[in-house]
Structure formats: structure tokens, C-alpha cells
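Down below is the structure, laid out as C-alpha cells.
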Amino acid sequence: MNPIGLVIHGPEVIDEGEAEEAIEALKGAGFEVEAALGGITGKTAVIDADLRHVIDISKDLKPSEVVEDFLKRGVDFILLVNHAKTEESGFMFGEGVLRNFIDRGGGAKQNLSFVQLEYSSRIIIRWLLKPEPRDEDIYRRITGVLSGFKEREPSKLKSRYKKDTHSNLVYREIRGVHPGEKIVVDGVVIGMSSRENKNNSVTLVAKEGKLVKIVGGTLIKHNLEKLPPLDLEKEMIKTASVIRRTKPKKIRTDGVSRKGKEKKKACFFYTVEHLFPKLEAMHAEDADIEVAVTIGDDTTSIAGDILKRFGIRMIGITDGDADGLIAGIESGSLEDYKKFLPPDSVIIRLKPERDDIIGKKIKEEIFGDGEEIELSGDVQKQIEDLKHRIFALAEGDIIGVLSSNSPTAKKKNHEISQD
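Offset between the sequence shown (1-based) and this note's numbering: plus 2.
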């Protein structure tokens, strides 16, 4: 019998022990199970829960891409395991995953059985089921094993994307959005739902690959510079108040270091979307990331939270404009970032609206407009030289520095120590 493919999504279902519960229940009932993470936000949760031997986090795939990957390998009964904010947003997420899979041409939907296990309200949604005795039997066995879940009928699949050929504007409706929530595209907070929004939806409007408006919300225009040209029909778009609504029982930093490779590199990140792929690429290249240079408040805090699990130092560039997506960054003060700092790391606080400008200079003048540079010879000295070059580029804009080697943030008077 082919295994069941479990697509695990988000940190909440892992932090709460629900993904592990589902896997153990299915295995206990005699099912062969393959589990893989969809999206990147749950990767640190898998590490913290010590489930890397159970849930595959080696690939950087969206949930719909995990479905496609399973199908290519002959795994055609898929169980999406999720814990959404609400039952409505759970339905919207499951519909979105299936719609993205179909729209991308991942495979004919008649070749797939797709069922959602939604822990927010403990329901099972039967999105697609092949009309074969085997699949009907698997579904009935699953509902028997998970008898505490109520069966719910799926909503009708329909595209929430449309294009106006006259104006060349494209529209993408996002449902299940609460007033005041952040809207995230490719790891970048691009806007916020209006606090007066009462219909739980927003519509993104784009032209020629660039966002121009949010109906039912407001754009954060300076963040749009971080985005590549968008295909609004296929983008994975999230809405949330914070990225990780639950807390891990333990933050695991032991046994995940990749140190020991001969080749050493410094890497540059505008967003965290490329962080895990870069870690995997370095592993394949037999190289270590010795230091990560991160640009932006949210990118720096999220990256720091990840990097400390791998023992990778960080030089973060911030200007105090955190979008509030990270629990623990409430006031935006430099001191708030202490909990996100890996060892031997530093965060540089700049004047308002200067982090992207200085980040561009760093990328052009230090990284040669690329995303990595090799460190040879005395690596520690090269890292210090890198730090000094960054301080020199930012001179005149620096208003504070936070170092993991110092208990408090230093405000700029005449000169700031670069320890």
C-alpha cells in the first residue's frame, strides 16, 4: 500500500503537539506515513520539537508544491494538517492550497485524494476523494482513528483571481482576514487590513508585477521595494497578527550546528524566505555560513531566531520600523532584539527609513551586488573587517548598537564600540 502523504503547515500545529499526535495515531492504526513541511514558518518549530527525523524540512516548498512533490513520487492520498486562526481561515487555507495546486498544473485533480485535518476546530474536510474503494477505505479508517474530529463538507472551489485586460490590473481576493492583521507576501509585510474592515476580506491589486493598492487595507509602500515582480495568481499570501502564535516547549540549539566545513562564507539577506534554502545550499556545497548580514527589523528578528539554533552569528541592520509581526518586538526598541541575538552577533540601529538604503550600499559595495562572499584565511579577522566596513558605510546614520557580548544597547554619542 502506498503511504499517506502528510503536509504539515505552520508552527502552531507543531508547537501544540498536534502534528505528532496525528502522525502517531495514523501509524498506530497501521498506516505508512510520509510527512513533509509546507512553507518556512514551521521549520524552527520542527527543530524545537526535535521532529526532523519525522517531518522532512529539507526542501523549501509551499504547501501546494509539497502536494505536487508527493504526487510525482506516487503518493496520491494527501492529508493537510493545519491549525488556522479560525475555522473560516482554515477553510480558506485548504481551498487556497488545492486551488494553487490545480492552477499551477501540478496534476489532474482526479488523480488525487486531498483531505484536511484542521485542528483549530477539530474538523476533517473532504476536499477531494478519488472514487475508488481503496481511497474510500482509507478515508473511513482515518475518520475512525480520529473520531474526535467532525466531518465537514468543503466549500466550492473557485478562483479568487481576476484580470482586467483593459486596465491591465490584476486582483486577488484574500478571505478570512481579521481587522488590523498584517498581510505578508514572500516573507515581506506589504500592508495591513483596515481596522474598520468588517467583511473579513481584502483584495490585492497589482499592475505589471507590482502591488498598487489594497482594497480593505493599506499598503506599506517602502516594504514593496524588497519584493521581486509578483505573479499575484500564484503567490502564497498570508495574514496574521504575529508569525508564531504559539510558544515551543523548548528552544533547541543543540545538535543543529553545521560547523566544521573547510569553505566559509558570509551571506546577505533582505528577507528570510531564502534563509533555509541558503543553509541547504551551503550544506550541499560543503560550506559553512559564518555570518549572516540581515536588513530590516522583522527580517533581523526572524533570522536571528533561526540562526541561533545553528550557531551562526549575525550582523543586523534595523531602523526601528518593525511591523509588529514578531512576538516580543512590541516597542521596537533596540533592547527588544536581545532575545533574538545569536552568540557573537550585533544589531545596528539606524535613523528612521535608512535600513533599506544602507542595505543596498552593503549589497553593492561589499557583496558585489550578490548574496554571498567567501571568507578565506583568518576567518575571524575577515568577519571583523566585514563589520568595520558595514559600520563605515552606515556612519552618520547609526543611533545605537546592540551586541550579544554586551548586556545593554549602546546609544551613539561620539563613537560606538564595534565589539
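Cβ atoms here follow ideal geometry from the backbone N, Cα and C, with glycine treated the same way.
Next on the checklist: Given a cut-off of 7 Å on the beta-carbon distance, is the pair G7 and F103 in contact?
Outcome noted: Locating residue 7 in the sequence shown gives position 5, where the first residue counts as 1. Locating residue 103 in the sequence shown gives position 101, where the first residue counts as 1. No. Outside cutoff.
inquiry  = Tell me the rounded alpha-carbon separation between S406 and R391.
reply    = Reading the sequence shown from its first residue, position 404 is the one you call residue 406. Reading the sequence shown from its first residue, position 389 is the one you call residue 391. So the two alpha carbons sit approximately 19 Å from each other.
Open item on the list: If you follow the alpha helix (DSSP H) that S195 is in, where does it begin and where does it stop?
Closed with: Walking along the sequence shown from the start, residue 195 turns up at place 193. DSSP places S195 in no alpha helix (DSSP H) but in the uninterrupted beta strand (DSSP E) bounded by V190 to S195.
**Asked** Excluding the five sequence neighbours on either side, which residues of its own chain have a C-beta within less than 7 Å of the C-beta of V147, listed in chain order?
**Response** If you number the sequence shown from 1, residue 147 lands on position 145. Same-chain partners within the cutoff: A27, L28 and A31.
Of the choices T296, A289 and K223, whose alpha-carbon is the least far from that of T273? Locating residue 273 in the sequence shown gives position 271, counting from the first residue. Taking only the C-alpha atoms, the option nearest T273 is T296.
- Query: Exposed or buried, E202, counting other C-beta atoms within 10 Å across all chains shown (16 or more means buried)?
  - Reply: Taking the first residue of the sequence shown as 1, we reach residue 202 at position 200. Before going on, a small fix: residue 202 reads as Asn here, not Glu. Classification for N202: buried.
Distance between beta carbons of V187 and L229, contact taken as under 8 Å = As a first step, residue 229 is located in the sequence shown; it is residue number 227 there, counting from the start. As a first step, residue 187 is located in the sequence shown; it is residue number 185 there, counting from the start. Indeed, because the Cβ distance is near 7 Å, the residues count as touching under 8 Å.
Self-check item: Nearest to I323 (by Cα), restricted to the options E14, D299 and V172
Solution: Position 321 of the sequence shown, counting from 1, holds the residue named residue 323. Per the sequence presented here, residue 323 reads as Asp, with Ile not at that position. Measuring from the Cα of D323, the nearest candidate turns out to be D299.
- Item | Residue closest to E374, alpha-carbon to alpha-carbon, out of Q382, P5 and L388 | Taking the first residue of the sequence shown as 1, we reach residue 374 at position 372. It is L388.
For this session: Under 7 Å Cβ to Cβ from F278, same chain only, skipping five residues before and after it: list those, please.
Result: Taking the first residue of the sequence shown as position 1, residue 278 is located at position 276. These residues qualify, in order along the chain: I42, K45 and D62.
Local conformation of E210 per DSSP, three classes: Here residue 210 is taken as the residue at index 208 of the sequence shown, counted from 1. Note: E210 maps to coil in three-state DSSP.
Next item on the list: May I ask you to verify whether the region 51-66 touches the region 175-192, counting CB pairs closer than 8 Å and requiring at least 3?
Entry: no
key: Beta carbon of L39 nearer than 7 Å to that of I80   = Residue mapping note: residue 39 aligns to position 37 of the sequence shown, counting from 1. Residue mapping note: residue 80 aligns to position 78 of the sequence shown, counting from 1. Taking 7 Å as the Cβ cut-off, L39 and I80 do not qualify as a contacting pair.
Query raised in the report: How big is the Cα-Cα spacing for A51 and R311?
Result: Reading the sequence shown from its first residue, position 49 is the one you call residue 51. Reading the sequence shown from its first residue, position 309 is the one you call residue 311. Linking A51 to R311 through their CA atoms gives a straight-line distance of about 12 Å.
Residue range of the alpha helix (DSSP H) that includes D137 = Taking the first residue of the sequence shown as position 1, residue 137 is located at position 135. Annotation: the continuous alpha helix (DSSP H) that includes D137 extends over P135 to V147.
Review point. Based on Cα-Cα distance, which residue from S123, V117, P345 and P354 lies nearest to H224?
Key: The residue labelled residue 224 in the question sits at position 222 within the sequence shown. The option with the nearest alpha carbon to H224 is P354.
Leaving aside the five residues before and after G257 along the sequence, list all residues of the same chain whose C-beta is less than 8 Å from its C-beta, in chain order. Your numbering for residue 257 matches position 255 in the sequence shown. Model confidence at G257 stands at a pLDDT of 47, short of 50, so the residue's coordinates are unreliable and nothing is read from them.
| message | Starting from V293, trace the alpha helix (DSSP H) in both directions and tell me its first and last residue. | response | The residue given as residue 293 occupies position 291 in the sequence shown. V293 -> not in any alpha helix (DSSP H); beta strand (DSSP E) instead, spanning A289 to I297.
- [ ] With DSSP as the reference, label A51 as helix, strand or coil.
- [x] Here the question's residue 51 lines up with position 49 in the sequence shown. In this structure, A51 counts as coil in the three-state DSSP scheme.
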